[in-house]
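Protein chains in written order, with my numbering: chain A, 24 to 240; chain B, 49 to 132. Ideal Cβ placement from N, Cα and C applies to all residues, glycine included. First comes the structure, then the notes that go with it.
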């Protein structure tokens, strides 16, 4: 092998190694598992944190919006939630608990927002008894009149959810809308399952009374 | 025969599937013979069904919003701060 040939071979090897180094340097975080992203964020890799935000921002916004029914507030909660995640992630010992922890942050921030803004209306005391049967409408109506009535009922319940005290609102959204079990909600809100159950019962009872009143009108 | 107040107190557990078969049978029997409790049970059922089928009220945001949101978060991080 002459000198020129050896030089070309060496150049080719160096070029390959350089290419490999470049690939290693540009980390594709999107391919990583969430637990790896958490560990890398804990080590200070900003790219990993950015990917975490990308991965969960829609979930965070959706939950915040359902809690607050307001874009600007949901947007603020989204920002604050991820700043809190970044600052506190080092304290999360078990990366598999990340989602529960993230939900807790979002719900608590949303509750704080709701309380600060005092958007909650006082529920009226509804003690009247109903003596007659009320007509019940199918959720899947076959005529326009029933469809309109259903839309009204949906709006009524949606508004009534926003009038619930923030903690009851959180429980009803997490359980009935998002489908989390009482046990999971207990973990998210860091409270006993019995507390979740009673919050859920009170909330449903209030919504039921709203519906009853609407149907009697 | 159960009293109405007992049935009302257990109604949510009944729909949550948290009662024993014997308790469920007792509630079921009461509901078939008590129009008032039956009405309350139906109202509760409808309330729960509406909640489960509430449309996602979230406004649909374009991809620019999500990208801006990520950059907004990153911009708010203290530059020298590493999670500690």
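Using beta-carbon positions only, say whether residue i and residue j come within less than 9 Å of one another.
i	j	result
residue 63/B	residue 100/B	no
residue 121/B	residue 208/A	no
residue 193/A	residue 133/A	yes
residue 216/A	residue 205/A	yes
residue 125/A	residue 184/A	no
residue 90/A	residue 188/A	no
residue 71/A	residue 63/A	yes
residue 76/A	residue 117/B	yes
residue 61/A	residue 115/A	yes
Quick check on residue i: does DSSP put it in helix, strand or coil?
i	result
residue 86/B	helix
residue 189/A	helix
residue 71/B	helix
residue 112/B	helix
residue 103/A	helix
residue 240/A	coil
residue 56/A	coil
residue 31/A	helix
residue 66/A	coil
residue 49/B	coil
residue 221/A	helix
Between the alpha carbons of residue i and residue j, how many angstroms are there, rounded?
i	j	result
residue 136/A	residue 226/A	20 Å
residue 221/A	residue 197/A	14 Å
residue 58/B	residue 186/A	25 Å
residue 80/B	residue 70/B	16 Å
residue 84/A	residue 97/A	6 Å
residue 238/A	residue 175/A	11 Å
residue 191/A	residue 123/A	18 Å
residue 95/B	residue 86/B	14 Å
residue 56/B	residue 77/B	14 Å
residue 87/A	residue 95/A	10 Å
Checklist entry - What are the residues of the region 88-109 of chain B that lie near chain A, defined by any Cβ-Cβ distance shorter than 8 Å? => result Cβ contacts with chain A come from 88, 90, 91, 92, 94, 95, 96, 97, 98, 99, 100, 101, 102, 103, 104, 105, 106, 107, 109.
Item to check | 4 or more residues per run - each alpha helix (DSSP H) lying fully within the region 82-130 of chain A | outcome: Complete alpha helix (DSSP H) runs here, min 4: 94-111.
Checklist entry - In the region 113-128 of chain B, which residues sit with their C-beta less than 7 Å from some C-beta in chain A, listed in chain order? => result Using a CB distance below 7 Å, the part of the region 113-128 of chain B facing chain A consists of 114, 117, 118, 120, 121, 122, 124, 125, ordered along the chain.
Item to check | chain A contacts from the region 53-86 of chain B (Cβ-Cβ distance under 7 Å) | outcome: Within the region 53-86 of chain B, the qualifying residues are 60, 83.
Checklist entry - Which residues, in order along the region 105-132 of chain A, keep a beta-carbon less than 7 Å from a beta-carbon of chain B? => result The region 105-132 of chain A vs chain B, Cβ under 7 Å: 105, 106, 109, 110, 112, 113.
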